[in-house]
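Scroll down for the structure; my scribbles are underneath it.
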Amino acid sequence: MREVIHPASSVSGSIALPGDKSISHRYAMLAAIAGGVTRIRNYSTGADCHSTLGCIRALGVAVEGGGTEFAIHGRGLDGLRQAEADLDAGNSGSTMRMLSGILAAQPFSSRLIGDESLSRRPMQRIMQPLTQMGAAIRARENKFPPLEIAGAALHAIDYVLPVPSAQVKTCVLLAGLYADGPTTVTEPVRSRDHTEIALREFGADIAVERRKITLAGRARLAGRELAVPSDLSSAAFFIVAALLVAGSELTIHGVGLNPTRSALLDFLVGMGANIRVPALESQNGELVGDIVVRHSALRGGTIDGALAAALIDEIPVLAVLGAATEQGLIVKDASELRIKETDRIRTVVENLRLAGIEAGELPDGMVIPGRQKFHAASFDSRGDHRIAMAFAVGALAGDGPSVIEGADAASISFPEFWDTLSSIR
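The sequence shown begins at 7 in the numbering used here and counts up one residue at a time.
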(Lines of atoms letter the chains of each structure in order from A and count residues from 1; the text may use other names and numbers.)
(Lines give C-alpha, C1' and ligand atoms only; values in the text may rest on other atoms or scores of the structure.)
Protein backbone atom coordinates (compact mmCIF):
# COMPACT_ATOMS: atom_id res chain seq x y z
CA MET A 1 0.00 0.00 0.00
CA ARG A 2 1.18 3.51 -0.79
CA GLU A 3 -0.07 6.88 0.40
CA VAL A 4 0.47 10.21 -1.35
CA ILE A 5 0.99 13.08 1.09
CA HIS A 6 0.55 16.65 -0.12
CA PRO A 7 2.11 19.62 1.68
CA ALA A 8 -0.14 21.24 4.30
CA SER A 9 -0.85 24.94 4.64
CA SER A 10 -1.66 24.29 8.32
CA VAL A 11 -2.57 21.52 10.76
CA SER A 12 -5.61 22.37 12.82
CA GLY A 13 -8.69 21.04 14.54
CA SER A 14 -9.52 18.71 17.40
CA ILE A 15 -8.90 14.95 17.45
CA ALA A 16 -9.22 11.93 19.71
CA LEU A 17 -6.81 9.04 19.26
CA PRO A 18 -6.91 5.27 19.86
CA GLY A 19 -6.16 3.76 23.25
CA ASP A 20 -2.60 3.48 24.51
CA LYS A 21 -0.94 0.33 23.19
CA SER A 22 1.27 -0.29 26.23
CA ILE A 23 -1.67 -0.07 28.63
CA SER A 24 -3.99 -2.12 26.40
CA HIS A 25 -1.53 -5.04 26.30
CA ARG A 26 -1.13 -5.02 30.06
CA TYR A 27 -4.84 -4.74 30.85
CA ALA A 28 -5.65 -7.67 28.56
CA MET A 29 -2.97 -9.95 30.03
CA LEU A 30 -3.85 -9.16 33.64
CA ALA A 31 -7.57 -9.49 32.91
CA ALA A 32 -6.92 -13.00 31.54
CA ILE A 33 -5.43 -14.19 34.85
CA ALA A 34 -7.72 -12.21 37.16
CA GLY A 35 -10.87 -13.58 38.74
CA GLY A 36 -14.14 -12.35 37.22
CA VAL A 37 -14.88 -10.09 34.27
CA THR A 38 -12.80 -7.09 33.23
CA ARG A 39 -14.47 -4.56 30.92
CA ILE A 40 -12.11 -2.38 28.92
CA ARG A 41 -13.10 0.79 27.04
CA ASN A 42 -10.97 2.48 24.36
CA TYR A 43 -8.81 -0.61 23.85
CA SER A 44 -6.15 -0.02 21.20
CA THR A 45 -7.21 -0.70 17.62
CA GLY A 46 -3.63 -1.59 16.63
CA ALA A 47 -2.86 -5.03 15.26
CA ASP A 48 -0.25 -5.61 17.98
CA CYS A 49 -2.80 -5.34 20.78
CA HIS A 50 -5.17 -7.64 18.91
CA SER A 51 -2.36 -10.18 18.74
CA THR A 52 -2.45 -10.16 22.54
CA LEU A 53 -6.22 -10.76 22.51
CA GLY A 54 -5.74 -13.62 20.06
CA CYS A 55 -3.15 -15.25 22.30
CA ILE A 56 -5.24 -15.09 25.47
CA ARG A 57 -8.23 -16.48 23.55
CA ALA A 58 -6.05 -19.40 22.46
CA LEU A 59 -5.22 -19.99 26.15
CA GLY A 60 -8.89 -20.55 26.95
CA VAL A 61 -9.93 -17.01 27.95
CA ALA A 62 -13.33 -15.84 26.71
CA VAL A 63 -13.10 -12.40 25.07
CA GLU A 64 -16.32 -10.68 24.07
CA GLY A 65 -16.85 -7.46 22.16
CA GLY A 66 -15.18 -5.66 19.29
CA GLY A 67 -13.89 -2.33 18.09
CA THR A 68 -12.57 -0.60 21.18
CA GLU A 69 -14.70 -2.27 23.90
CA PHE A 70 -14.06 -5.73 25.26
CA ALA A 71 -15.16 -7.91 28.15
CA ILE A 72 -12.50 -10.41 29.23
CA HIS A 73 -13.63 -13.32 31.41
CA GLY A 74 -10.60 -14.00 33.57
CA ARG A 75 -9.70 -17.54 34.56
CA GLY A 76 -7.56 -16.72 37.60
CA LEU A 77 -3.84 -17.33 38.03
CA ASP A 78 -4.16 -21.07 37.53
CA GLY A 79 -6.98 -21.26 34.99
CA LEU A 80 -5.25 -20.94 31.62
CA ARG A 81 -5.35 -23.91 29.26
CA GLN A 82 -2.69 -25.18 26.88
CA ALA A 83 -3.16 -23.74 23.41
CA GLU A 84 -4.02 -26.22 20.66
CA ALA A 85 -1.59 -24.55 18.26
CA ASP A 86 1.26 -22.05 18.26
CA LEU A 87 0.55 -18.71 19.93
CA ASP A 88 0.97 -16.07 17.22
CA ALA A 89 2.30 -12.70 18.41
CA GLY A 90 2.29 -11.30 14.88
CA ASN A 91 4.55 -8.24 14.78
CA SER A 92 4.20 -7.57 18.50
CA GLY A 93 7.36 -7.75 20.56
CA SER A 94 5.27 -6.55 23.52
CA THR A 95 3.01 -9.59 23.24
CA MET A 96 5.88 -12.06 22.98
CA ARG A 97 8.08 -10.61 25.70
CA MET A 98 5.41 -9.87 28.31
CA LEU A 99 3.19 -12.93 27.79
CA SER A 100 6.28 -15.14 28.18
CA GLY A 101 6.32 -14.18 31.86
CA ILE A 102 2.87 -15.71 32.35
CA LEU A 103 3.54 -18.75 30.15
CA ALA A 104 6.74 -19.55 32.06
CA ALA A 105 4.65 -20.42 35.13
CA GLN A 106 2.02 -22.63 33.50
CA PRO A 107 1.83 -26.42 34.01
CA PHE A 108 2.08 -26.92 30.24
CA SER A 109 4.31 -26.04 27.31
CA SER A 110 3.74 -23.22 24.84
CA ARG A 111 5.27 -22.17 21.55
CA LEU A 112 5.27 -18.46 20.67
CA ILE A 113 5.78 -17.43 17.07
CA GLY A 114 5.80 -14.11 15.21
CA ASP A 115 5.99 -12.66 11.74
CA GLU A 116 9.20 -12.30 9.75
CA SER A 117 10.12 -9.02 11.43
CA LEU A 118 9.50 -10.24 14.98
CA SER A 119 11.38 -13.45 14.23
CA ARG A 120 14.55 -11.37 13.77
CA ARG A 121 14.27 -9.63 17.14
CA PRO A 122 16.43 -11.01 19.99
CA MET A 123 14.78 -12.41 23.10
CA GLN A 124 17.73 -13.15 25.42
CA ARG A 125 16.73 -10.29 27.74
CA ILE A 126 13.62 -12.16 28.84
CA MET A 127 15.08 -15.63 28.53
CA GLN A 128 17.78 -14.93 31.10
CA PRO A 129 15.59 -13.88 34.06
CA LEU A 130 12.86 -16.45 33.31
CA THR A 131 15.50 -19.20 33.27
CA GLN A 132 16.78 -17.93 36.61
CA MET A 133 13.23 -18.27 37.95
CA GLY A 134 13.05 -21.92 36.88
CA ALA A 135 11.48 -21.88 33.42
CA ALA A 136 12.94 -23.80 30.47
CA ILE A 137 13.00 -21.79 27.24
CA ARG A 138 14.36 -22.72 23.85
CA ALA A 139 14.84 -20.31 20.97
CA ARG A 140 16.28 -20.39 17.47
CA GLU A 141 20.05 -19.91 17.81
CA ASN A 142 19.36 -19.42 21.56
CA LYS A 143 18.21 -15.93 20.68
CA PHE A 144 15.38 -15.56 18.18
CA PRO A 145 11.71 -16.61 18.01
CA PRO A 146 10.00 -19.01 17.93
CA LEU A 147 10.15 -19.43 21.70
CA GLU A 148 9.38 -22.84 23.18
CA ILE A 149 8.50 -22.39 26.84
CA ALA A 150 8.19 -25.34 29.21
CA GLY A 151 6.30 -23.93 32.18
CA ALA A 152 7.46 -24.71 35.70
CA ALA A 153 6.95 -23.81 39.34
CA LEU A 154 8.80 -20.50 39.55
CA HIS A 155 10.82 -19.11 42.41
CA ALA A 156 11.22 -15.44 43.24
CA ILE A 157 14.35 -13.57 42.22
CA ASP A 158 15.96 -10.21 42.83
CA TYR A 159 16.70 -9.05 39.29
CA VAL A 160 18.75 -6.06 38.22
CA LEU A 161 17.90 -5.01 34.68
CA PRO A 162 21.14 -4.66 32.66
CA VAL A 163 19.47 -2.05 30.42
CA PRO A 164 16.21 -0.13 30.89
CA SER A 165 13.29 -2.02 29.37
CA ALA A 166 9.67 -1.77 30.43
CA GLN A 167 8.89 -4.98 28.52
CA VAL A 168 11.54 -7.02 30.32
CA LYS A 169 10.50 -5.52 33.65
CA THR A 170 6.90 -6.49 32.91
CA CYS A 171 7.85 -10.01 31.89
CA VAL A 172 9.66 -10.60 35.20
CA LEU A 173 6.85 -9.06 37.27
CA LEU A 174 4.16 -11.14 35.52
CA ALA A 175 6.21 -14.26 36.21
CA GLY A 176 6.61 -13.01 39.78
CA LEU A 177 2.84 -13.20 40.25
CA TYR A 178 3.30 -17.00 40.28
CA ALA A 179 6.49 -17.13 42.35
CA ASP A 180 6.89 -18.51 45.87
CA GLY A 181 7.89 -15.19 47.43
CA PRO A 182 8.52 -11.53 46.66
CA THR A 183 10.09 -10.78 43.29
CA THR A 184 12.17 -7.60 43.01
CA VAL A 185 13.18 -5.77 39.85
CA THR A 186 15.70 -2.92 39.99
CA GLU A 187 15.98 -0.60 36.99
CA PRO A 188 19.09 1.33 35.90
CA VAL A 189 16.80 4.25 35.05
CA ARG A 190 13.07 4.58 35.56
CA SER A 191 11.04 3.20 32.65
CA ARG A 192 7.30 3.50 31.94
CA ASP A 193 5.39 2.22 34.97
CA HIS A 194 2.09 1.13 33.42
CA THR A 195 2.64 -2.40 34.71
CA GLU A 196 3.08 -1.31 38.31
CA ILE A 197 -0.06 0.86 38.10
CA ALA A 198 -2.11 -1.88 36.44
CA LEU A 199 -0.99 -4.54 38.92
CA ARG A 200 -2.07 -2.28 41.77
CA GLU A 201 -5.45 -1.65 40.08
CA PHE A 202 -6.06 -5.40 39.75
CA GLY A 203 -5.23 -5.94 43.44
CA ALA A 204 -1.61 -7.08 43.53
CA ASP A 205 0.62 -6.26 46.50
CA ILE A 206 3.34 -4.14 44.90
CA ALA A 207 5.74 -1.60 46.37
CA VAL A 208 7.82 0.91 44.42
CA GLU A 209 10.82 2.63 45.99
CA ARG A 210 12.57 4.80 43.41
CA ARG A 211 13.93 2.33 40.84
CA LYS A 212 13.19 -0.79 42.90
CA ILE A 213 9.88 -2.63 42.42
CA THR A 214 8.85 -5.47 44.74
CA LEU A 215 5.86 -7.72 44.00
CA ALA A 216 4.40 -10.30 46.39
CA GLY A 217 3.81 -13.70 44.81
CA ARG A 218 0.48 -15.53 44.38
CA ALA A 219 -1.63 -12.37 44.19
CA ARG A 220 -5.40 -12.70 43.89
CA LEU A 221 -6.27 -10.41 41.01
CA ALA A 222 -9.84 -9.23 40.52
CA GLY A 223 -11.57 -8.06 37.34
CA ARG A 224 -12.12 -4.32 36.90
CA GLU A 225 -13.90 -1.67 34.86
CA LEU A 226 -11.12 0.09 32.96
CA ALA A 227 -10.73 2.87 30.41
CA VAL A 228 -7.54 3.17 28.35
CA PRO A 229 -6.28 6.74 27.79
CA SER A 230 -5.31 7.80 24.28
CA ASP A 231 -1.77 6.90 23.25
CA LEU A 232 0.86 9.61 23.74
CA SER A 233 3.18 7.81 21.31
CA SER A 234 0.46 8.12 18.66
CA ALA A 235 -0.16 11.73 19.65
CA ALA A 236 3.53 12.46 19.10
CA PHE A 237 3.08 12.37 15.31
CA PHE A 238 0.35 15.00 15.41
CA ILE A 239 2.17 17.14 17.98
CA VAL A 240 5.19 17.22 15.67
CA ALA A 241 2.97 17.94 12.65
CA ALA A 242 1.50 21.00 14.37
CA LEU A 243 4.93 22.22 15.50
CA LEU A 244 6.37 21.73 12.01
CA VAL A 245 3.72 23.38 9.83
CA ALA A 246 3.29 27.17 10.08
CA GLY A 247 -0.10 28.50 11.20
CA SER A 248 -1.07 25.31 13.02
CA GLU A 249 -3.08 24.84 16.22
CA LEU A 250 -4.29 21.40 17.27
CA THR A 251 -6.11 19.94 20.29
CA ILE A 252 -5.70 16.24 21.15
CA HIS A 253 -8.22 14.93 23.67
CA GLY A 254 -7.85 12.47 26.55
CA VAL A 255 -4.17 11.62 26.18
CA GLY A 256 -2.33 9.50 28.74
CA LEU A 257 0.19 11.76 30.48
CA ASN A 258 1.87 9.31 32.82
CA PRO A 259 5.03 11.04 34.15
CA THR A 260 7.20 8.13 32.94
CA ARG A 261 5.94 8.78 29.40
CA SER A 262 5.55 12.56 29.30
CA ALA A 263 9.27 13.22 28.83
CA LEU A 264 8.23 13.91 25.24
CA LEU A 265 6.34 17.04 26.26
CA ASP A 266 9.09 18.19 28.63
CA PHE A 267 11.68 17.80 25.88
CA LEU A 268 9.63 19.72 23.31
CA VAL A 269 8.72 22.51 25.72
CA GLY A 270 12.39 22.78 26.62
CA MET A 271 13.13 23.42 22.93
CA GLY A 272 10.54 26.22 22.86
CA ALA A 273 7.36 24.38 21.84
CA ASN A 274 4.03 26.08 22.60
CA ILE A 275 2.25 23.16 24.28
CA ARG A 276 -0.42 23.43 26.96
CA VAL A 277 -2.25 20.86 29.08
CA PRO A 278 -5.30 22.77 30.40
CA ALA A 279 -6.30 20.16 33.01
CA LEU A 280 -5.31 16.73 34.34
CA GLU A 281 -7.36 13.95 35.94
CA SER A 282 -6.60 10.48 37.27
CA GLN A 283 -8.19 7.52 35.51
CA ASN A 284 -7.48 4.01 36.87
CA GLY A 285 -4.26 5.36 38.34
CA GLU A 286 -3.11 6.95 35.06
CA LEU A 287 -2.96 10.71 34.47
CA VAL A 288 -5.07 11.87 31.51
CA GLY A 289 -5.46 15.30 29.89
CA ASP A 290 -5.96 17.28 26.69
CA ILE A 291 -2.96 18.62 24.78
CA VAL A 292 -3.10 21.94 22.90
CA VAL A 293 -0.17 22.56 20.54
CA ARG A 294 0.69 25.50 18.26
CA HIS A 295 3.32 25.93 15.57
CA SER A 296 6.56 27.05 17.22
CA ALA A 297 10.11 28.01 16.31
CA LEU A 298 12.29 25.43 18.07
CA ARG A 299 15.90 25.60 19.20
CA GLY A 300 16.81 21.93 18.79
CA GLY A 301 18.49 19.71 21.35
CA THR A 302 20.18 16.47 22.38
CA ILE A 303 18.59 13.16 23.31
CA ASP A 304 20.90 10.91 25.32
CA GLY A 305 21.18 8.89 28.51
CA ALA A 306 17.95 8.32 30.41
CA LEU A 307 16.12 10.64 28.01
CA ALA A 308 16.97 8.34 25.08
CA ALA A 309 15.39 5.42 26.94
CA ALA A 310 12.30 7.50 27.76
CA LEU A 311 11.85 8.71 24.16
CA ILE A 312 12.89 5.55 22.32
CA ASP A 313 9.57 5.19 20.44
CA GLU A 314 9.33 8.88 19.56
CA ILE A 315 12.86 9.31 18.18
CA PRO A 316 11.92 8.66 14.51
CA VAL A 317 9.40 11.51 14.40
CA LEU A 318 11.60 13.76 16.57
CA ALA A 319 14.39 13.21 14.03
CA VAL A 320 12.07 14.57 11.34
CA LEU A 321 11.31 17.60 13.51
CA GLY A 322 14.98 18.09 14.38
CA ALA A 323 15.90 18.99 10.82
CA ALA A 324 13.57 22.01 10.97
CA THR A 325 14.86 23.34 14.30
CA GLU A 326 17.42 26.11 14.70
CA GLN A 327 20.27 23.98 16.03
CA GLY A 328 19.25 20.50 14.87
CA LEU A 329 19.06 17.27 16.84
CA ILE A 330 21.69 14.90 18.22
CA VAL A 331 20.65 11.41 19.37
CA LYS A 332 23.01 9.21 21.42
CA ASP A 333 22.67 6.14 23.69
CA ALA A 334 19.83 4.81 21.52
CA SER A 335 21.34 1.57 20.15
CA GLU A 336 18.04 -0.10 21.09
CA LEU A 337 16.66 1.48 17.91
CA ARG A 338 18.72 -0.95 15.85
CA ILE A 339 16.69 -3.96 17.04
CA LYS A 340 13.19 -2.58 16.54
CA GLU A 341 10.94 -3.51 13.60
CA THR A 342 13.78 -2.21 11.43
CA ASP A 343 17.18 -0.78 12.18
CA ARG A 344 15.51 2.55 12.89
CA ILE A 345 18.75 4.53 13.03
CA ARG A 346 19.72 3.51 9.51
CA THR A 347 16.17 3.70 8.12
CA VAL A 348 15.55 7.19 9.53
CA VAL A 349 18.86 8.52 8.19
CA GLU A 350 18.33 6.98 4.75
CA ASN A 351 14.82 8.42 4.44
CA LEU A 352 15.94 11.85 5.65
CA ARG A 353 18.58 11.88 2.93
CA LEU A 354 15.92 11.04 0.33
CA ALA A 355 14.15 14.26 1.39
CA GLY A 356 17.34 16.24 0.83
CA ILE A 357 18.07 16.40 4.57
CA GLU A 358 21.67 16.15 5.72
CA ALA A 359 21.89 13.45 8.42
CA GLY A 360 24.71 11.42 9.93
CA GLU A 361 24.52 7.93 11.40
CA LEU A 362 26.20 7.10 14.73
CA PRO A 363 26.62 3.60 16.18
CA ASP A 364 24.02 4.48 18.83
CA GLY A 365 22.17 7.40 17.27
CA MET A 366 22.25 10.15 14.65
CA VAL A 367 23.23 13.75 14.01
CA ILE A 368 20.78 15.99 12.14
CA PRO A 369 21.78 19.61 11.50
CA GLY A 370 19.07 22.26 11.76
CA ARG A 371 17.63 24.91 9.42
CA GLN A 372 16.85 22.35 6.71
CA LYS A 373 13.84 22.10 4.40
CA PHE A 374 12.03 18.96 3.30
CA HIS A 375 11.84 18.11 -0.37
CA ALA A 376 9.24 15.82 -1.89
CA ALA A 377 10.41 12.21 -2.10
CA SER A 378 9.32 8.60 -2.12
CA PHE A 379 9.90 7.14 1.35
CA ASP A 380 10.13 3.45 2.20
CA SER A 381 8.67 2.40 5.55
CA ARG A 382 10.50 -0.97 5.40
CA GLY A 383 7.38 -2.38 7.04
CA ASP A 384 7.91 -0.26 10.17
CA HIS A 385 4.83 1.60 11.44
CA ARG A 386 6.75 4.42 13.12
CA ILE A 387 8.84 5.07 10.02
CA ALA A 388 5.72 5.26 7.82
CA MET A 389 4.02 7.74 10.15
CA ALA A 390 7.13 9.83 10.87
CA PHE A 391 7.84 10.51 7.20
CA ALA A 392 4.18 11.19 6.46
CA VAL A 393 4.50 14.00 9.01
CA GLY A 394 7.71 15.25 7.39
CA ALA A 395 5.99 15.22 3.99
CA LEU A 396 3.47 17.79 5.27
CA ALA A 397 6.34 20.31 5.22
CA GLY A 398 7.61 19.23 1.78
CA ASP A 399 7.75 21.22 -1.43
CA GLY A 400 5.46 18.87 -3.35
CA PRO A 401 3.60 15.55 -3.10
CA SER A 402 5.51 12.73 -1.41
CA VAL A 403 4.85 8.99 -1.45
CA ILE A 404 4.95 6.64 1.54
CA GLU A 405 5.65 3.09 0.34
CA GLY A 406 4.50 0.38 2.73
CA ALA A 407 1.98 2.74 4.31
CA ASP A 408 -0.11 -0.20 5.53
CA ALA A 409 2.53 -0.76 8.24
CA ALA A 410 0.79 1.98 10.26
CA SER A 411 -2.05 -0.47 11.02
CA ILE A 412 0.28 -2.35 13.36
CA SER A 413 -0.25 0.37 15.95
CA PHE A 414 -2.64 2.96 14.47
CA PRO A 415 -5.05 1.82 11.70
CA GLU A 416 -6.82 5.20 11.71
CA PHE A 417 -3.63 7.20 11.18
CA TRP A 418 -4.14 8.11 7.53
CA ASP A 419 -7.75 9.21 8.00
CA THR A 420 -6.81 11.24 11.09
CA LEU A 421 -3.91 12.90 9.26
CA SER A 422 -6.20 13.81 6.37
CA SER A 423 -8.76 15.30 8.74
CA ILE A 424 -6.36 17.90 10.17
CA ARG A 425 -4.51 18.98 7.00
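Note that beta-carbon positions come from the ideal geometry of N, C-alpha and C, so glycine has one too.
Residue i, enclosing alpha helix (DSSP H) - first and last residue
i    : result
L324 : I321 to G328
F380 : Neither: F380 is in no alpha helix (DSSP H) and is coded neither H nor E.
K27  : K27 to A38
V174 : A172 to G182
A242 : L238 to L250
L335 : Element bounds for L335: not the alpha helix (DSSP H) but the beta strand (DSSP E), L335 to V337.
T137 : Q130 to Q138
S428 : F423 to I430
F208 : H200 to F208
D272 : A269 to G276
A314 : G311 to A316
Residue i burial status per 10 Å Cβ neighbour count (16 or more: buried)
i    : result
I418 : buried
V275 : exposed
M277 : buried
E215 : exposed
P168 : exposed
D186 : exposed
N264 : buried
P369 : exposed
I11  : buried
G229 : buried
D84  : exposed
Through-space distance from residue j to residue i, alpha-carbon basis
i    : j    : result
S125 : D94  : 11 Å
A141 : E90  : 21 Å
T257 : V355 : 30 Å
L59  : A34  : 7 Å
G209 : G328 : 43 Å
G25  : V294 : 12 Å
R146 : L86  : 26 Å
K218 : Y165 : 10 Å
A330 : D272 : 19 Å
R45  : I39  : 14 Å
G80  : V67  : 6 Å
R224 : G371 : 42 Å
R231 : R196 : Sequence check: residue 231 is Glu here, not Arg. So the two alpha carbons sit approximately 28 Å from each other.
D237 : F423 : 12 Å
P113 : T201 : 24 Å
I309 : A365 : 15 Å
R63  : V69  : 7 Å
V326 : I143 : 40 Å
A382 : S240 : 24 Å
G41  : A213 : 22 Å
A53  : G82  : 26 Å
E367 : F380 : 19 Å
I78  : G376 : 49 Å
G262 : G71  : 23 Å
H301 : F76  : 37 Å
Own chain residues within Cβ distance below 8 Å of residue i, not counting five before or after
i    : result
S57  : D94, A95, G96, N97, S98 and T101
A312 : P170, V195 and R196
S115 : Q88, E154, I155, A156 and G157
Extent of the continuous beta strand (DSSP E) to which residue i belongs
i    : result
M102 : Note, M102: premise wrong, no beta strand (DSSP E); alpha helix (DSSP H) at G99 to L109.
A228 : Segment: none, A228 is in no beta strand (DSSP E) and carries neither H nor E.
T220 : K218 to L221
L118 : S115 to I119
Proximity below 8 Å, CB of residue i to CB of residue j
i    : j    : result
A306 : L286 : The amino acid at residue 306 is misidentified as Ala; the sequence shows Gly. No. Outside cutoff.
L343 : I363 : no
P188 : T137 : no
N48  : A233 : yes
G260 : P284 : no
R267 : A14  : no
D386 : G404 : no
P170 : A315 : yes
L317 : L360 : no
V323 : A396 : yes
L180 : I297 : no
A36  : L227 : The amino acid occupying residue 36 in the given sequence is Leu; Ala does not appear at that position. Going by C-beta atoms, L36 is nearer than 8 Å to L227.
V251 : V43  : no
Q173 : M129 : no
N148 : E207 : no
V409 : R8   : yes
M255 : A248 : Looking at the sequence provided, one finds Glu at residue 255 rather than Met. Contact flag set, yes.
G157 : A204 : no
L427 : A398 : yes
7 Å Cβ shell around residue i - same chain, five flanking residues per side excluded
i    : result
S106 : L118, I132, L136, L153, I155 and C177
S123 : N97, E347 and G389
G19  : L256, S429 and I430
I345 : R127 and P128
Own chain residues within Cβ distance below 6 Å of residue i, not counting five before or after
i    : result
I245 : V299
S50  : P24, G25, K27 and S30
Q378 : A329 and I363
D414 : M7
G392 : Strictly speaking, residue 392 in this sequence is Arg, with Gly absent from that position. Correct list, in chain order: P322.
Heavy atom of the ligand GDP within 7 Å of residue i beta-carbon
i    : result
E320 : This structure lacks the ligand GDP, and indeed carries no ligand of any kind.
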